[in-house]
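Novice:
Numbering (the working numbering), first residue to last: 772 to 867.
#1: Keeping to the same chain, check which residues put their C-beta closer than 8 Å to that of residue 847; ignore five residues upstream and five downstream.
#2: What is the C-beta distance between residue 795 and residue 834, in whole angstroms, given that I count them as a contact (C-beta under 8 Å)?
#3: Cutting at 8 Å between CB atoms, please list the residues of its own chain near residue 772, excluding the five before and the five after it.
#4: CA-CA distance, residue 802 and residue 775?
#5: For a test of the three-state rule: what should DSSP assign to residue 849, helix, strand or coil?
#6: Distance check for residue 797 and residue 784, CA to CA, integer angstroms please.
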């Protein structure tokens with residue numbers, strides 16, 4: 772029974788990494804940005820937003836930071852939709 776549990780855990784770890792990586796890539800490949808509006812933002816504001824969220828860095832730095840936040844700190848960061856709330860807070864509110 773212990774072998775079975777260990778084997779399952781060893782399968783789950785790469786699967787979780789794969790699912791997170793695929794989701795990260797799909798989000799990056801989606802057209803547009805979360806901060807785009809119909810009116811359009813001034814270039815200075817757009818640069819500030821990109822710098823705030825680290826979107827001005829290379830993709831491998833963004834990916835590394837994301838993985839470090841998730842696995843190193845168990846932190847999903849701040850929500851881009853619900854300002855001033857972390858994703859962890861939003862997730863914990865939905866848990867019964």
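Idealized CB from N, CA, C, for every residue including glycine.
Specialist: Once the coordinates are examined:
#1: 840, 841, 857, 858, 859 and 862
#2: Yes, they are in contact, since the Cβ atoms of residue 795 and residue 834 sit about 6 Å apart, within 8 Å.
#3: none
#4: 43 Å
#5: strand
#6: 20 Å
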